[in-house]
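Remarks on the structure that follows.
There are 2 protein chains.
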Amino acid sequence: MSPARNGKPTLAVVGATGAVGTVMLDLLSTREDVWGEIRLVASARSAGKKLVVRGEEVEVVALSPECFDGVDVAMFDVPDEVSKEWAPIAVERGAIAVDNSGAFRMDADVPLVVPEVNPAAARRRPRGIISNPNCTTLSMIVAMGALHAEYNLQALVVASYQAASGAGQPGIDALREQISKVAGSDTLGTQPGDVRRAIGELGPFPAPLALNVVPWAGSLKEDGWSSEELKVRNESRKILGLPDLRVSATCVRVPVITTHSLAVHATFEREVTVDRAQAILRDAPGVVLVDDPANGEFPTPADVVGTDPTWVGRVRRAIDDPHSLDLFLCGDNLRKGAALNTAQIAELLAEELAEG
Amino acid sequence: MSPARNGKPTLAVVGATGAVGTVMLDLLSTREDVWGEIRLVASARSAGKKLVVRGEEVEVVALSPECFDGVDVAMFDVPDEVSKEWAPIAVERGAIAVDNSGAFRMDADVPLVVPEVNPAAARRRPRGIISNPNCTTLSMIVAMGALHAEYNLQALVVASYQAASGAGQPGIDALREQISKVAGSDTLGTQPGDVRRAIGELGPFPAPLALNVVPWAGSLKEDGWSSEELKVRNESRKILGLPDLRVSATCVRVPVITTHSLAVHATFEREVTVDRAQAILRDAPGVVLVDDPANGEFPTPADVVGTDPTWVGRVRRAIDDPHSLDLFLCGDNLRKGAALNTAQIAELLAEELAEG
Ligand SMILES: NC(=O)c1ccc[n+]([C@@H]2O[C@H](COP(=O)([O-])OP(=O)(O)OC[C@H]3O[C@@H](n4cnc5c(N)ncnc54)[C@H](OP(=O)(O)O)[C@@H]3O)[C@@H](O)[C@H]2O)c1
Ligand SMILES: NC(=O)c1ccc[n+]([C@@H]2O[C@H](COP(=O)([O-])OP(=O)(O)OC[C@H]3O[C@@H](n4cnc5c(N)ncnc54)[C@H](OP(=O)(O)O)[C@@H]3O)[C@@H](O)[C@H]2O)c1
């Protein structure tokens, strides 16, 4: 590992021009500045482009083995196959790789890290690679980790309300276009298929998203499960260190631009109370409790988009099971769900490097 | 009980001018015609208005005790307090009352009937009143009843995706207006509160519904539960005859005009298999199975709105519990969720009257 120069480590952002990369540059410009040089990397298509980070223009360089020379931490905000090939190259050149893609998440020798939940896992990285969880898992895991620490989590039943931007910029574009096409109508949404006919092109979704909800995200895996649903199960187990955690998820896309929401039914070993659960969530770093329905207070995606925390509300104890809580959470899938968690992991590494 | 005239019983539709009443007139005009006279009743405000049913204009009469004279079956599609006062009056005058409101649903001496699930309950009606369940419960109960008959249901965890029309015409109007206000923007839905500021008036919802989801439906009840969530629990127990059924529901409004959807995690006494569960649902009256995600086939509200059945898809066995199924359902809240189920109950009564 190369020593930190100017007392501060060098960072490479691979995929700086993408949706997650763009949020990353914003975060790097607004969070406490722990970095020396910041190098921006993308495909050859983007080489020479200038992007602003920390108030300064930086020229984007094309991905190559050499661009990792002298780099301490390399973030990868690129498609799976690019990470798969290039993260090991960055490691060979002396960097620690923090990967936002799905390429390594379930590999036994790659830690899957959420700094509020399992920061110590970041220190055991035999391959020099740390993975960032999937955005749907990240939308709930900080809150669930805090409750687990007190109550010992046994089972999760999750239904998601996932935003269009989970499918990247094409998802956002498709939803905006579909909404323009259904706006102004007094009849659409009342006859079978009328919305489908009105919007024409579906974009990246398998059914209309405007005036609709779509019970599908990701690709088809075994026994009818979607890849997104399996990620929620498998990544939650790995992050919480609970290989026997029972998880059922149904992932549904909703006509929201950005911020995923989840209805969660969580069952614990210990009995729960609403007061104590609220207190845990109120005190948990990275969590904000908004739970006063008498005054219309609960989180909604449109109200919390663009913010960092996991927002939790509607905390109830299951009427028929004193070991279960029902709650509703929202988290920005491009911030905590992607760029923010990656930035936080990189900052853990910067601290570790500073310790020597 | 007055004898059926012309061999066919007389029906009164109280609330014929409302949202549910309007769908009812359409159903009465298109379903098998089992009725003699059909009398249309509403408030004094609507008296004299002419509405079309079975292709003929019928004059609306104002609600009065006399309008039930000679009536065999009186449907109530009116607010709770109107049903509460007037259903007993209709019974006094010799009618059987079928009530779509929440006035009597949980009364021990009033059956809560879903013809595909508990038709026999309609015959025991000590007060002469039969209640129609809440629309969210109705969106899933036919499918759950079919699975329960084979597997013996123990617990339900439900997350809803409820349409704007569950809040009546004002709900529909508010959503359409909000969508017009957010259409065409390239930025709304990316900063906290930007959608809220853009739409201004919220209408009947406690938060923006366009480009958003709202984890609230109904009024606040004990321990943070909403009335809608308690209805799902209590009405499911009563309809299925399972007083110990464990139910947790989180009810969430989504920007859909009409048709409620639900993600359901159902736990049974017996072990389940996907193949058998699909076969049960395929054969269940009133249920249509659409479950082929490899070909993009699952139900969505925009595709099934305006139809009668409960549509079921995404049938999966819980990976960590062979006794549990996860599935996704859609049902039109104004049809099966309200008018259709009431019409079906009334038809059971017409049959009973014909038997003598
Ligand atoms: N969207 C989300 O909610 C979300 C959440 C969590 C994780 N993620 C993951 O984060 C990663 C990035 O997602 P995104 O939504 O930001 O995607 P995106 O908008 O498509 O951006 C992709 C980035 O990767 C770069 N890239 C593509 N191919 C490359 C190559 N061969 N060599 C070098 N750079 C290449 C692109 O550079 P050019 O501009 O030069 O093409 C661009 O900077 C993905 O793995 C995604 O699964 C996304
Ligand atoms: N919307 C749903 O998804 C849904 C689903 C299930 C059950 N329900 C229940 O069905 C009932 C009707 O709902 P809706 O959505 O159809 O309501 P709505 O559109 O407001 O219609 C109300 C009806 O009740 C009549 N009415 C009101 N006050 C009256 C009075 N004092 N005397 C006589 N008639 C009176 C109205 O007649 P005028 O036109 O003369 O005022 C109108 O016909 C409610 O109990 C509702 O909770 C609704």
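Sequences listed follow chains A and B, in order. Here the UniProt record's numbering is used: position 51 in the first sequence is 51, and no number is missing along the way. Here the UniProt record's numbering is used: position 65 in the second sequence is 65, and no number is missing along the way. Ideal Cβ positions, reconstructed from N, Cα and C, are used throughout, including at glycine.
Item                                                                                                                                    : Value
Interface residues of the region 307–319 of chain A facing chain B [CB-CB below 8 Å]                                                    : Thr307, Gly313, Arg314, Val315, Arg316, Arg317, Ala318, Ile319
Continuous beta strand (DSSP E) stretch holding Glu56 of chain A: start and end                                                         : 56–59
Any C-beta of chain A under 9 Å from that of Thr190 of chain B                                                                          : yes
Beta-carbon gap between Pro285 of chain A and Val78 of chain A smaller than 9 Å                                                         : no
Cβ-heavy atom distance, Ala338 of chain A to ligand 1, below 8 Å                                                                        : yes
Contact check, Leu329 of chain B vs Ala318 of chain B, beta carbons under 9 Å                                                           : no
Closer than 8 Å: Ser226 of chain A CB and nearest ligand 2 heavy atom                                                                   : no
Rounded separation between Lys336 of chain A and Val305 of chain A - CA only                                                            : 11 Å
Rounded separation between Val232 of chain A and Leu327 of chain A - CA only                                                            : 17 Å
Contact list for Gly193 of chain B against chain A, beta-carbon separation under 8 Å                                                    : Ala302, Asp303
Cβ-Cβ distance between Pro192 of chain B and Asp26 of chain A below 9 Å                                                                 : no
Ligand 2 heavy atom lying under 8 Å from the CB of Ala217 of chain B                                                                    : no
Those residues which DSSP pairs with Arg253 of chain B across a bridge                                                                  : B:Gln162, B:Val214
Cβ distance (whole Å) where Leu262 of chain B is taken to contact Ala159 of chain B below 8 Å                                           : 7 Å
Coil, strand or helix - Phe268 of chain B by DSSP                                                                                       : strand
Simplified DSSP assignment, three categories, for Ile319 of chain A                                                                     : coil
C-alpha gap between Ala354 of chain B and Gly70 of chain B, whole angstroms                                                             : 16 Å
Contact check, Ser185 of chain A vs Ala167 of chain A, beta carbons under 9 Å                                                           : no
Leu212 of chain B at chain A interface by Cβ criterion, 9 Å                                                                             : The residue you asked about is not Leu; residue 212 of chain B is Asn in the sequence shown. Yes - at least one Cβ of chain A is within 9 Å of the one on Asn212 of chain B.
Pair within 9 Å by beta-carbon distance, Thr310 of chain B and Met106 of chain B                                                        : no
First and last residue of the uninterrupted alpha helix (DSSP H) at Asp99 of chain B                                                    : Segment 96–99 is the beta strand (DSSP E) holding Asp99 of chain B; no alpha helix (DSSP H) there.
Residue-chain proximity (Ala19 of chain A, chain B), Cβ-Cβ < 9 Å                                                                        : no
Spatial distance of Ala30 of chain A from Gly55 of chain A (CA atoms)                                                                   : First, the amino acid is wrong: residue 30 of chain A is Thr here, not Ala. Each residue's alpha carbon lies about 10 Å from the other.
Secondary structure, beta strand (DSSP E): runs of 3+ residues fully inside the region 111–194 of chain B                               : 129–131, 153–161
Chain-order list of residues whose beta-carbon lies under 8 Å from that of Ser165 of chain A (same chain, five-residue window excluded) : Ala19, Gly171, Ile172, Ile257, Thr258, Asn333, Leu334
Which residues DSSP lists as bridging Glu297 of chain B, in chain order                                                                 : B:Asp292
Endpoints, beta strand (DSSP E) assigned at Ala279 of chain B                                                                           : Careful: Ala279 of chain B lies outside any beta strand (DSSP E), inside the alpha helix (DSSP H) at 274–283.
Chain A within 9 Å of Val274 of chain B, Cβ atoms only                                                                                  : yes
Contact set between Gly224 of chain A and chain B, taken where Cβ atoms lie within less than 8 Å                                        : Val274, Asp291, Pro293, Arg314, Val315, Arg316
Asp321 of chain B at chain A interface by Cβ criterion, 9 Å                                                                             : yes
His148 of chain B at chain A interface by Cβ criterion, 9 Å                                                                             : no
For Leu340 of chain A and Met24 of chain A, the rounded distance between their alpha carbons                                            : 7 Å
Beta-carbon separation (whole angstroms), Ile130 of chain B vs Val110 of chain B, contact threshold 8 Å                                 : 7 Å
Asn295 of chain B beta carbon near ligand 1 (any heavy atom closer than 8 Å)                                                            : no
Secondary structure of Trp86 of chain B, DSSP reduced to three states                                                                   : helix
C-beta atoms of Pro255 of chain B and Leu188 of chain B nearer than 9 Å                                                                 : no
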